[in-house]
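Chemist:
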Amino acid sequence: MKRRQIFGFLGIAIAGLLLAIGLPLFTPSPVIAQSNTSILVSAAASLKEALEEIKPLYQQSKSNINISYNFGASGALQQQIEQGAPADIFISAGKKQVDALEQKGLLLPGSRTNLANNRLVLIVAQDVVGISSFYNLTDSKIKKIAIGEPRSVPAGQYGEQVLKKLKIYDRLKSKLVFANNVRQVLAAVESGNAEAGLVYATDAKISNKVKVVVAADDKFHSPIVYPVAIIKSSKNPTAAKEFVQFLSGSEVKTVLRKYGFIVREENKK
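Okay, so the sequence shown: first residue is 446 according to my numbering, each after it adds one.
#1: Which of the three DSSP states is assigned to serine 491 in this structure?
#2: Where does tyrosine 514 fall in DSSP's three states?
#3: Quick one: what does DSSP say isoleucine 526 is sitting in, helix, strand or coil?
#4: Quick one: what's got a C-beta closer than 7 Å to histidine 666's C-beta in the same chain, skipping five residues either side?
#5: Is DSSP giving asparagine 581 helix, strand or coil here?
#6: Grab me the residues of leucine 701's own chain with a C-beta within less than 6 Å of its C-beta, minus the 5 sequence neighbours each way, in chain order.
#7: In the DSSP assignment, the beta strand (DSSP E) including tyrosine 704 goes from what residue to what residue?
#8: Can you give me the C-alpha to C-alpha distance between alanine 489 and lysine 507, rounded to a whole angstrom?
#9: Let me confirm a value: tyrosine 671 is counted as buried when at least 16 other C-beta atoms fall within 10 Å, else exposed. Which label applies?
#10: Which whole runs of the beta strand (DSSP E) in the region 649-677 are 3 residues long or more, in chain order?
#11: Report all residues from its chain with a CB closer than 7 Å to the CB of asparagine 481; omit the five preceding and five following residues, and keep chain order.
In structure tokens, the structure reads:
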């Protein structure tokens, strides 16, 4: 009994000593940190630079959210989502792909909005001369014209519409070199593998190896719009909603304009 009393007094004395000299007692500290959350954004290739600049801006206030990107042709990304590939958010370079997912019930209802718009332009390498309009593409000197695959690349779809509207598509058909995404079109012109190409104004803006010959008249193609929506099967819908909401803010609009995108004050569906 005396031993227990002695040990008890010793314990009290040691605790008092620790408090007196400022050392902490051995008590468990509360758990404060929140577990990290990851969201995957499948986005059109033409958004690559802008979205990569937007990511750190978002993580300044949401450091626990890890954002990963999957860039590619909008049609290919659409097919991936339809086949069950993981994705939390989809940003397409055209309405067609998002419409298809919406019709199949693969989007979170009410989550769709429009991020930005773009323009389609005809580009050539910096040292190329003698091309000043789409009609010059029919010249026999022009052997290859790069364009996105119309069935999966929205830029290719818009390009095909323009060439048909100008009634020169049939004359150019044998010259067309189809690419899997718009950045491959840009690369083909930069490398000289094609004398000309049809890309977005934003793609031409990031390259110092090409120049814009002319912009296509908007009335010659469907509206170039970038819809964004949350995938219904998202494992982190709350985090996805927060990121989509952030995309509509002033910081993001500034970045998008910097890269040449057209941003409306109100980009609702």
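The beta-carbon is built from N, C-alpha and C at its ideal position, and this holds for glycine as well.
Modeler: With the given structure in hand:
#1: In the sequence shown, counting from the first residue as 1, residue 491 sits at position 46. Correct three-state label for serine 491: helix.
#2: Here residue 514 refers to the residue found at position 69 when the sequence shown is read from its first residue. Of the three classes helix, strand and coil, the one that applies to tyrosine 514 here is strand, per DSSP.
#3: Along the sequence shown, read from residue 1 onward, the residue named residue 526 stands at position 81. Of the three classes helix, strand and coil, the one that applies to isoleucine 526 here is helix, per DSSP.
#4: Position 221 of the sequence shown, counted from the start, is the residue given in the question as residue 666. Closer than 7 Å at the Cβ level, and outside the excluded window around histidine 666, lie Leu565, Tyr603, Gln606, Val607.
#5: Sequence index remark: in the sequence shown, residue 581 carries index 136 (1-based). Helix.
#6: Walking along the sequence shown from the start, residue 701 turns up at place 256. The residues are Ala495, Ala561, Val708.
#7: Here residue 704 corresponds to residue number 259 of the sequence shown, with the count starting at 1. For tyrosine 704, no beta strand (DSSP E) encloses it, and the DSSP letter there is neither H nor E.
#8: One-based indexing of the sequence shown puts residue 489 at position 44. One-based indexing of the sequence shown puts residue 507 at position 62. About 24 Å.
#9: By one-based count along the sequence shown, residue 671 stands at place 226. Tyrosine 671 should be labelled buried.
#10: If only uninterrupted beta strand (DSSP E) runs of at least 3 residues are considered, those enclosed by the region 649-677 are 655-660, 670-675.
#11: Along the sequence shown, read from residue 1 onward, the residue named residue 481 stands at position 36. Correct list, in chain order: Asn509, Asn511.
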